[in-house]
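Student: Residue numbers (this note's numbering): 356 to 509.
Note that CB positions come from ideal geometry on N, CA and C, so glycine has one too.
Okay, here's the structure, questions in a sec.
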């Protein structure tokens, strides 16, 4: 739209023969030139506003993304009694995610019926039976915190 108006003014300035028009004719187009300049300034201002809004939205998105738990190397996992999501590739190369936690030698010696059959390490722990013998030794490569339970709708 603005480009068409600009092209029209240029065509009129150069006239049908390609020769420049008189100063009077050129001066008569001043209002149109000013309108185009104002429209251009307004468009640039709006473009600037949109660019700032996009940058702000990207920063907000990135800040929220940082709050989402991410897989971390298993070496960084706390070795306590809290269950976590554990992840690893199984023998077929497929990613497997399980609920599990770390059992120390002290905990195994104190609470397991047959401690001589177990070694300290990461164990898969089902929600409904997270005590020995219902746990399985796994070799996770990654972990992340368990997500919170969904809120009940009232």
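Do residue 442 and residue 495 count as a contact pair if the criterion is CB distance below 7 angstroms?
Tutor: Contact flag set, yes.
Student: Go ahead and pull the three-state DSSP assignment for residue 469.
Tutor: Three-state result, residue 469: coil.
Student: Going by DSSP, what residues sit across from residue 443 in a beta bridge?
Tutor: Paired residue(s): 451.
Student: Give me the residue from 377, 486, 479 and 451 with the minimum Cα distance to residue 462.
Tutor: Residue 462 has its Cα closest to that of 486, out of 377, 486, 479 and 451.
Student: Within its chain, find whatever has a CB closer than 8 angstroms to the CB of residue 451; leave out the 5 residues flanking it on each side and keep chain order.
Tutor: Result list for residue 451: 442, 443, 444 and 445, in chain order.
Student: At which residues does the alpha helix (DSSP H) containing residue 385 begin and terminate?
Tutor: Where residue 385 is concerned, the enclosing alpha helix (DSSP H) stretches over 385-422.
Student: Determine whether the beta carbon atoms of residue 500 and residue 424 lie at a separation below 7 angstroms.
Tutor: Closer than 7 angstroms, so yes.
Student: Enumerate in chain order the residues of its own chain whose CB-to-CB distance from residue 497 is below 8 angstroms, with the five nearest sequence positions on each side excluded.
Tutor: Counting only Cβ-Cβ distances below 8 angstroms, and skipping sequence neighbours, we find 426, 427, 428, 429, 441, 442 and 443.
Student: CB-CB under 8 angstroms to residue 439, same chain, minus the five flanking residues each way: which ones, in chain order?
Tutor: So the qualifying residues of the chain are 432, 454, 455, 456, 498, 499, 500 and 501.
Student: Using CA coordinates, which residue listed in 418, 466 and 408 is at the minimum distance from residue 436?
Tutor: When each option's Cα is compared against that of residue 436, the closest is 466.
Student: Helix, strand or coil: which one does DSSP assign to residue 379?
Tutor: In the structure shown, residue 379 sits in a helix (DSSP, three-state: H, G or I).
Student: Is the closest heavy atom of the ligand MG to the C-beta of residue 467 under 6 angstroms?
Tutor: Because no ligand of any kind appears in the structure shown, any question about the ligand MG cannot be addressed here.
Student: Roughly how many whole angstroms lie between the Cα atoms of residue 325 and residue 407?
Tutor: Coverage of the chain is limited to positions 356 through 509, which leaves residue 325 absent and any answer about it impossible.
Student: Starting from residue 498, trace the beta strand (DSSP E) both ways and give me its first and last residue.
Tutor: Unbroken beta strand (DSSP E) run through residue 498: 497-500.
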